[in-house]
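Residue numbers (the UniProt record's numbering): 8 to 526. Ideal placement from N, C-alpha and C gives every residue a C-beta, glycine not left out. In this text, all values refer to a predicted model and were calculated from it rather than measured experimentally. Presented below is the structure to which this report refers.
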Ligand code: FAD
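Below is the structure:
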């Protein structure tokens, strides 16, 4: 072969310009690698989903007439890392050129950059070419135009720029409906009457027994519930089915119940969320495909899908998803070690098994272990909020989030976890920490009705831990946040309490912090 082209496990983009022409002298490589199964401990369904999707993609490329080499863990076990494997293949196939797509993770991007430098410096240099992954709406090389390091950026302004750039939900240069944001109309809690209407999630049944056997054979350390019939989409056809199911069934209520949480029905884990993050992050389809389908559905039946619903959805894909990627790239590698609140506590054990008496935590963790999935507000306001209030070390928090979710890749996980959720970046993403007491959880969910703890109480043996821990967090970081204009009301509320009440609340929180593992 003349050229070896690497396709990483999250670069399964069938529309990439690479595949527009067939060339017998080009060999495409897709490989299962220990460096990827081992850089963090992953949920077993996440590894299965990636390997199955990689295999399906290799098969689709072969069907389309491309030359593809798919290597399983069995084939790559002799190579300690990706560069060693690439080197061996370049020699074996006598390639004169090596090409790769810009990786989305800093770790891999650096590794390939170093490898490319070595190849170019050799006595018989190999020509190296880096391509854009052609997936994001903001091309990689445009990131510095919008983002700069160590600086707070506001998602809303970036999002509006992207709406204008792509003319999405725009009419004559103005946002459709006359406003950019419909958050006020959205974000409602589910009432009892709403529960019966929660849709049945569309789940697939992909046979991953061979992959599971391979993981066992190579003693890959994973966690979470193993499923021989994987529910996640592992090819483009399934991804499109899930998208269509979302547009038909969930989009009409997406924004409205975006922040709602429930444990009352067997479908509550998915609610009205699209669960397309794995298909998107592995690049099975383009974000514009998702946006276009959703807008088509809205335009076809505006009586079912209101503007706030579609806008709320577009904001996530065109806004948040692209935004966090920009933050990641302009702040790496420093970003992954930021710890502005000096949090040092280890992650409590129940993050790994879900056995805690806090109902909200139990639900969010057990569901994550069962499906490799939790929706945004569970990640942000339940587990994330808990880690922030209790001062868990961001390294521990990151490792958990990066491992447990099927959609977790560092470029999207890190800004969400370390930045948005843990405020460890000192405010690069968020203007204030996302902290909340039991009151918020009770308002947005039905968890508290089934909890061992009493959400109304701040002190006492059955007091909801989120209550005292919330005030303890504010008190502990008073110097940093009391002058934050978005938080002055909270501090005023705190200072209004008499000394004895404040003391009792702080003492209760101290007690909980000492016995975190027993909550
Ligand atoms: P929906 O709720 O249906 O949203 C639609 C789509 O919008 C998602 O598929 C996703 O592509 C995009 N989106 C929404 N919010 C965000 C966001 N904040 N950042 C980026 N994209 C967004 N998302 C990941 O893809 N991978 C992660 O590792 C990840 N880690 C997170 C960690 C924390 C602490 C938090 C608070 C959020 C994290 N998110 C992550 C963002 C978000 O929670 C998930 O994208 C979402 O829950 C995926 O489920 P869904 O596809 O049903 O999304």
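Check this for me: beta carbons of residue i and residue j, under 7 Å apart or not?
i	j	result
residue 394	residue 448	no
residue 238	residue 210	yes
residue 413	residue 52	yes
residue 12	residue 28	no
residue 195	residue 276	no
residue 289	residue 470	no
residue 135	residue 127	yes
residue 46	residue 339	no
residue 330	residue 165	yes
residue 452	residue 473	no
residue 217	residue 23	no
residue 208	residue 274	yes
residue 344	residue 391	no
residue 110	residue 19	no
residue 119	residue 107	yes
residue 104	residue 10	yes
residue 37	residue 8	no
residue 530	residue 240	In the structure as shown, the chain starts at 8 and stops at 526, and residue 530 therefore has no counterpart that could be examined.
Can you tell me whether residue i is helix, strand or coil according to DSSP?
i	result
residue 490	coil
residue 127	helix
residue 462	coil
residue 339	coil
residue 172	helix
residue 452	strand
residue 388	helix
residue 499	helix
residue 365	coil
residue 19	coil
residue 315	helix
residue 206	coil
residue 441	coil
residue 230	strand
residue 570	One cannot answer for residue 570 here, as it falls past the ends of the chain, which runs 8 to 526.
residue 181	strand
residue 519	helix
residue 35	strand
residue 106	strand
residue 356	helix
residue 213	strand
residue 27	helix
Return yes when at least one heavy atom of the ligand FAD lies under 6 Å from the C-beta of residue i, else no.
i	result
residue 323	yes
residue 428	yes
residue 423	yes
residue 415	yes
residue 183	no
residue 327	yes
residue 419	yes
residue 284	yes
residue 119	no
residue 410	no
residue 274	no
residue 348	no
residue 559	Absent from the model: residue 559. The displayed extent of the chain is 8 to 526, so no value can be given.
residue 391	yes
residue 114	no
residue 331	yes
residue 499	no
residue 50	no
residue 194	no
I'd like the list of long-range same chain contacts for residue i, defined as Cβ closer than 7 Å, with 5 residues on each side in sequence excluded.
i	result
residue 476	396, 397, 516, 519
residue 268	384, 385, 451, 452, 454
residue 526	363, 364, 365, 472, 519
residue 497	481
residue 284	414
Would you say the beta carbon of residue i comes nearer than 6 Å to a heavy atom of the ligand SAM?
i	result
residue 288	In the structure on display, the ligand SAM does not appear, and the ligands it does have are the ligand FAD.
Got a sec? Which residues, its chain only, sit under 8 Å from residue i by beta carbon, not counting five neighbours each side?
i	result
residue 48	228, 229, 230, 406, 410
residue 353	399, 400, 403
residue 437	426, 427, 430
residue 54	44, 218, 222, 227, 229
residue 325	144, 166, 169, 170, 173, 175, 294, 298
Can you find the residues in the same chain that come closer than 6 Å, C-beta to C-beta, to residue i, ignoring five residues on each side of it along the sequence?
i	result
residue 524	355, 356
residue 123	135
residue 382	280
residue 332	418
| task | Any chance you could list the alpha helix (DSSP H) runs of at least 4 consecutive residues sitting entirely within the region 129–162, in chain order? | result | 150–153
| Which whole runs of the alpha helix (DSSP H) in the region 46–104 are 4 residues long or more, in chain order? | Runs of the alpha helix (DSSP H) lying entirely within the region 46–104, each at least 4 residues long, are 51–70, 80–83, 89–99 in chain order.
| field | In chain order, each alpha helix (DSSP H) run of at least 4 residues that lies wholly inside the region 397–438 | value | 401–411, 417–421
| said: Which complete alpha helix (DSSP H) runs does the region 239–308 hold, if anything under 4 residues is left out? | reply: 243–252, 284–288, 294–307
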